[in-house]
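See structure below.
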Amino acid sequence: MRLRALLDTDALGLKLLGGEDELDRTVRGVMTTDLRDPSRYLSGGELVLTGLAWRRDAADSEPFVRILVQEGVTALAAGEAELGDVPDDLVEACARHRLPLFAVHESVAFATITEHVVRQVSGERAGDLAAVVDRHRRMMTSGPAGGGPDVVLDLLGSDLDLRAWVLSPTGRLIAGPKTSGPALTAEACGRLAAEHLTATRTGRRAPHRVLLGGTTYSLFPIRSTGRAPQTARDARDARETVLSDWLLAVEADAGDWAEERLDLLYGVTQLIAVERDRRDAARTVRRRLAQEVLELVQTGAAPAEIAARLRVAAPVLLPGLGAAPHWQVVVARVDWDGAAIEEGPVAQALLEEILVDPLSAGPEHSDRIAVAHTGDEAIALVPLPAVSTEHDGSESGVLADVLLESVRDPLTAGLNDDGRLTLGVSAAVHSAEGLRGALEEARHARRVAAARPGRVCAAGHQELASHVLLLPFVPDDVRRAFTARLLDPLRDYDRRHRAELIPTLEAFLDCDGSWTRCATRLHLHVNTLRYRVGRIEQLTSRDLSRLEDKLDFFLALRMS
Numbered sequence: 006m007r008l009r010a011l012l013d014t015d016a017l018g019l020k021l022l023g024g025e026d027e028l029d030r031t032v033r034g035v036m037t038t039d040l041r042d043p044s045r046y047l048s049g050g051e052l053v054l055t056g057l058a059w060r061r062d063a064a065d066s067e068p069f070v071r072i073l074v075q076e077g078v079t080a081l082a083a084g085e086a087e088l089g090d091v092p093d094d095l096v097e098a099c100a101r102h103r104l105p106l107f108a109v110h111e112s113v114a115f116a117t118i119t120e121h122v123v124r125q126v127s128g129e130r131a132g133d134l135a136a137v138v139d140r141h142r143r144m145m146t147s148g149p150a151g152g153g154p155d156v157v158l159d160l161l162g163s164d165l166d167l168r169a170w171v172l173s174p175t176g177r178l179i180a181g182p183k184t185s186g187p188a189l190t191a192e193a194c195g196r197l198a199a200e201h202l203t204a205t206r207t208g209r210r211a212p213h214r215v216l217l218g219g220t221t222y223s224l225f226p227i228r229s230t231g232r233a234p235q236t237a238r239d240a241r242d243a244r245e246t247v248l249s250d251w252l253l254a255v256e257a258d259a260g261d262w263a264e265e266r267l268d269l270l271y272g273v274t275q276l277i278a279v280e281r282d283r284r285d286a287a288r289t290v291r292r293r294l295a296q297e298v299l300e301l302v303q304t305g306a307a308p309a310e311i312a313a314r315l316r317v318a319a320p321v322l323l324p325g326l327g328a329a330p331h332w333q334v335v336v337a338r339v340d341w342d343g344a345a346i347e348e349g350p351v352a353q354a355l356l357e358e359i360l361v362d363p364l365s366a367g368p369e370h371s372d373r374i375a376v377a378h379t380g381d382e383a384i385a386l387v388p389l390p391a392v393s394t395e396h397d398g399s400e401s402g403v404l405a406d407v408l409l410e411s412v413r414d415p416l417t418a419g420l421n422d423d424g425r426l427t428l429g430v431s432a433a434v435h436s437a438e439g440l441r442g443a444l445e446e447a448r449h450a451r452r453v454a455a456a457r458p459g460r461v462c463a464a465g466h467q468e469l470a471s472h473v474l475l476l477p478f479v480p481d482d483v484r485r486a487f488t489a490r491l492l493d494p495l496r497d498y499d500r501r502h503r504a505e506l507i508p509t510l511e512a513f514l515d516c517d518g519s520w521t522r523c524a525t526r527l528h529l530h531v532n533t534l535r536y537r538v539g540r541i542e543q544l545t546s547r548d549l550s551r552l553e554d555k556l557d558f559f560l561a562l563r564m565s
């Protein structure tokens, strides 16, 4: 479509500020950004929409406009909601570079312009298929007639005979078709998400085709900033969004599709991205609440002040309950090797996703999660309606050992060989006075998790017993020397004689040195057990009747 057509559409609320001679330029797509350098997401021909959050002073306009022109952007549209009138320095920079500039009235949502451009561009490329996109657009609008992404997927089935699902980066089902046919299992969703993240990290061009259980799926990224470059040179930059982007999984092989059909599917992903943008906008209040509580806790504010802020937060996070009797704190950190990436927002988006019940479907299940970020870490404030005690004496709530079970494989694929995710979970606290301790407890638990091997690790407050808390911070060389000195003689003996001295030692310590209980557990005669323990003492010059030697063996086994 031509730029001139945008001005002729009154509903878009656009006012031309410069570039009258360039209105015959062609628009091939649309992208919304507030990045200071959005070049990695530009492929040329876009109408760029911006709220001007990137602008700190007048000097920022010139480099921003220069980047857009270098990437072949067709025009720029600046919203008036943030600063009022579009700044003169931006108008002048666009005039110098002959980049057409529009002002967007504060009453017009960027989503309205995005939907209009996508509809027009897809219509021009796909001919008669434009009617399908238009139907999808109407279904995506807010109000009683809107059906969200589920209805879009149903229309893909009825109009194009395509079954499709929207998945989160961890493989959670956000939307799926209601038409007949086998549903995607949770395992299949996780596999598809992992394949998508692997393909994205290796720079493969979308759509990514995957054969799963004899069925071919084509995976399309869903990005609120439009279609990002898919070349290998952009693989490094993908780390900024790879753990937060949704994906569209289509039950078909898109390898031999016509360009018009591919363009239509990309248009559909942009329409679904509008729903994702709504989801992100809805999280703004919850994020702000978490940030305010976190700042109060970290600055040592009075418990009464923190409690007042929690009373404000509770009805937002737990509608209808009025107050949350208990709270938990979860701390997460994503670390990339040698990357100049702001890691706090990445961890924030990921933690919001991880804390959703993995068995739930749809985007609305994250409505009760408040996550802030400070520096390189994200911090979640999790309200609990009640904390019950299970039959084994443990408390319910967020549990570190199960938090990552369903998302470990996809996240490991997304982190590839240069990223790590570590989480720490506090115990539940019932008052504002306990939040500071809960925050420090969650941070300590995260550091324990960080000391473990693996790309995705979590630790909970239950693991912060004194010996477990200290072990991760012992230098590796010291660990190896200590364990080798104490356990290598036993391992060598076991290899030569198959004597099972190491398992015997573990069982003996686990039974608190009780000969009878240990012999029963190992199905041995007590005399045989005494012979093995004697051999352990002889090989190590230690005495297992002494508390100090028992403790040394215990620590060596835990560190090995």
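Here the sequence shown is numbered in our numbering, starting from 6 and rising by one per residue.
Here a beta-carbon is modelled for each residue, glycine too, at the ideal position from N, C-alpha and C.
- Per DSSP, His378 is one residue of the beta strand (DSSP E) stretching across 375–379.
- Nearest to Trp520 by alpha-carbon distance, out of Val123, Leu534, Leu197, is Leu534.
- In the structure shown, Ile346 adopts coil according to DSSP, grouped into three states.
- Burial state of Thr119 is buried, judged by a 10 Å Cβ sphere holding 16 or more other Cβ atoms.
- Inter-segment contact for the segment 26–44 and the segment 7–17 is present: three or more beta-carbon pairs are separated by less than 8 Å.
- Across the structure, Ala286 and Ile374 are spaced so that their CA atoms are roughly 14 Å apart.
- In the assembly as shown, Gln125 is a buried residue. Its beta-carbon has 16 or more other beta-carbons within 10 Å.
- Scanning Leu252, Leu197, Met564 for the CA closest to the CA of Gly218 turns up Leu197.
- Contact annotation, Asp164 with Ala180: C-beta distance approximately 17 Å; criterion of less than 8 Å not satisfied.
- When secondary structure is reduced to three states using DSSP, Glu445 falls in the helix class.
- Distances from the alpha-carbon of Ser411 to those of Asp422, Asp250, Leu178, Glu280 put Leu178 closest.
- A distance below 6 Å between beta-carbons, with the five flanking residues on each side excluded, links Leu527 to the following residues of its chain, in chain order: Ala512.
- Contact check for Pro43 against Ala63 fails: the beta carbons are separated by 9 Å or more.
- By the CB criterion at 9 Å, Arg210 and Gly260 fall outside the cutoff.
- Under the three-pair Cβ rule at 8 Å, the segment 9–25 counts as touching the segment 95–111.
- The distance from the Cβ of Gly465 to that of Leu404 is about 6 Å, consistent with a contact at the 8 Å cut-off.
- Three or more beta-carbon pairs separated by less than 8 Å link the segment 219–227 to the segment 244–253, which places the two stretches in contact.
- Look at the segment 61–102 and you find these whole runs of alpha helix (DSSP H), each 4 residues long or longer: 66–75, 93–101.
- Beta-carbon to beta-carbon, Glu446 and Ser431 are separated by about 4 Å, close enough to satisfy the 8 Å threshold.
- Residue ranges of uninterrupted alpha helix (DSSP H) with 4 or more members, entirely inside the segment 488–516 and ordered along the chain, are 506–515.
- Around the beta-carbon of Ser173, 16 or more other beta-carbon atoms lie within 10 Å, marking it buried.
- Here Asp414 has Gly195, Ala199 as same chain residues with Cβ atoms under 7 Å from its own Cβ, once five neighbours each way along the sequence are excluded.
- Proximity to Leu389 across Ala352, Ala318, Gly429 peaks at Ala318, based on C-alpha coordinates.
- Burial check for Pro212: the Cβ neighbour count within 10 Å reaches 16 or more, so the residue is buried.
- In the three-state DSSP reduction, Lys555 falls in the helix class (H, G or I).
- DSSP lists Asp340 as the bridge partner or partners of Arg425.
- Going by beta carbons, Val298 and Leu315 fall inside the 9 Å limit.
- Only buried fits Val157, as 16 or more other CB atoms lie within 10 angstroms of its CB.
- Thr427 is the residue among Leu355, Lys20, Gly459, Thr427 whose C-alpha sits nearest the C-alpha of His449.
- The segment 343–359 and the segment 299–308 do not touch, with fewer than 3 CB-CB distances between them shorter than 8 Å.
- Rounded to the nearest whole angstrom, the C-alpha separation of Tyr46 and Arg293 is 28 Å.
- Contact check for Ala383 against Gly439 fails: the beta carbons are separated by 9 Å or more.
- Secondary structure note for Trp520: its alpha helix (DSSP H) is the uninterrupted segment 520–527.
- Exclusion of the five residues before and after Arg547 leaves Asp554 as the residues of its chain whose Cβ lies within less than 6 Å of its Cβ.
- The C-beta separation of Leu73 from Leu81 comes to about 6 Å, placing the pair in contact by the 8 Å criterion.
- Between Glu76 and Gly56, the beta carbon gap of about 19 Å keeps them out of contact (Cβ cut-off 8 Å).
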